[in-house]
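Going by full-length UniProt numbering, 31 is the number at position 31 of the sequence shown; the sequence numbering is gapless. A short worksheet on the structure shown next.
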Amino acid sequence: MIKRPEEITKEFTTILDNHLEKIVQGEVDDFLEIHDVAEIMHIHPTHLSNTIKATTGKSPCDICNEKTITVAKSLLNNPEQTIADIAYKLTFEPSNFTKYFKKHAGETPSAYRKHKFQSHKNSETLTSK
């Protein structure tokens, strides 16, 4: 049987995932704040934050940032989308997106894309030999 803290954490991540998908689809244009998620879940924001931290060891903000970077990387894997288009899709100004991505991913979006396609080319070269 699932315990209440794990249930809260699961519901939190589901709400985040669904909301990020709506952002990517252009259905919404703002990220949820912790109090927004808490309101959806009918619990106090402090209780939500404390529960997430206790069950995952991470703050809700850290989890949101990780999920946003995962989505950003997925979008960056499509070379037909410009970095600026991806930034706007994720509700960022392009320069802010670059700073945000570098802070949370350790490299700029263009460096990530360059490494991604460089390693893809290298693996194609290896498999064709």
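Just so you know, even glycine gets a beta-carbon here, dropped at the ideal spot from N, CA and C.
Rounded to whole angstroms, what is the Cα-Cα separation between residue i and residue j?
i: T55; j: L16; result: 16 Å
i: N77; j: K10; result: 27 Å
i: T51; j: E33; result: 16 Å
i: G57; j: Q118; result: 34 Å
i: T108; j: Q81; result: 16 Å
i: K73; j: F97; result: 12 Å
i: K53; j: P94; result: 31 Å
Should residue i be labelled buried (16 or more other beta-carbon atoms within 10 Å of its own) or exposed?
i: P79; result: exposed
i: residue 130; result: Beyond the ends of the chain as shown, which are 1 and 129, falls residue 130; an answer cannot be given.
i: I2; result: exposed
i: R113; result: buried
Residue j and residue i - do their beta-carbons sit closer together than 8 Å?
i: T91; j: L20; result: no
i: N65; j: H104; result: yes
i: F101; j: L48; result: no
i: K89; j: V24; result: yes
i: S110; j: I86; result: no
Checklist entry - Which runs of the alpha helix (DSSP H) spanning at least 4 residues fall entirely within the segment 74–114, listed in chain order? => result Runs found: 83–89, 94–105.
Item to check | Ranges of the alpha helix (DSSP H) found wholly within the segment 33–65, counting only runs of at least 4 | outcome: Complete alpha helix (DSSP H) runs here, min 4: 34–41, 45–56.
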